[in-house]
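Heads up, the thing below is written out as structure tokens.
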Amino acid sequence: MTSLIAVRNAIRTAKIISLIQLTKKFNSEPQWLLILLDDLIKRGKIERCEPIKTCSQECQGCQTNPQDITYRWRDEEIIIVNI
3 MTSLIAVRNA IRTAKIISLI QLTKKFNSEP QWLLILLDDL IKRGKIERCE PIKTCSQECQ
63 GCQTNPQDIT YRWRDEEIII VNI
């Protein structure tokens, strides 16, 4: 079974990757990967790229199969809060 850390590292390395690519890479069921991907989204590590016609993201989601979901690694950002 694929671990959360393995999926996280694969997306971090690829920067942009589809669910189909992850399924092939880990030889895993999409349902299991979707659970792990949702966890990474909640943690703020990745974001799901939605295929829209006016997309300004570089994920190529607009050019992929509409049934294939694309995910993008979020660069760590430092948030400065003034107190």
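FYI, in the working numbering the residues of the sequence shown are 3 to 85.
Glycine included, each C-beta is placed from N, C-alpha and C at the ideal position.
At the level of alpha carbons, what is the spacing between residue i and residue j?
i     : j     : result
Arg74 : Glu49 : 5 Å
Thr25 : Gln33 : 10 Å
Gln23 : Leu39 : 13 Å
Asp77 : Thr4  : 23 Å
From what residue to what residue does the alpha helix (DSSP H) around residue i run?
i     : result
Ile13 : 6-16
Ile43 : 32-44
Lys27 : 21-28
With residue i as the anchor, note down where its beta strand (DSSP E) starts and where it stops.
i     : result
Ile71 : Neither: Ile71 is in no beta strand (DSSP E) and is coded neither H nor E.
Glu49 : 48-51
Please look up how many angstroms separate the CB atoms of residue i and residue j, rounded, as I've assumed it's under 8 Å.
i     : j     : result
Arg10 : Leu35 : Not quite, the Cβ-Cβ distance comes to about 12 Å (not below 8 Å), so this is no contact.
Candidates the options: which alpha carbon is nearest residue i's?
i     : options                   : result
Glu52 : Leu21, Met3, Ala16        : Leu21
Lys27 : Arg76, Lys44, Asp77, Ala8 : Ala8
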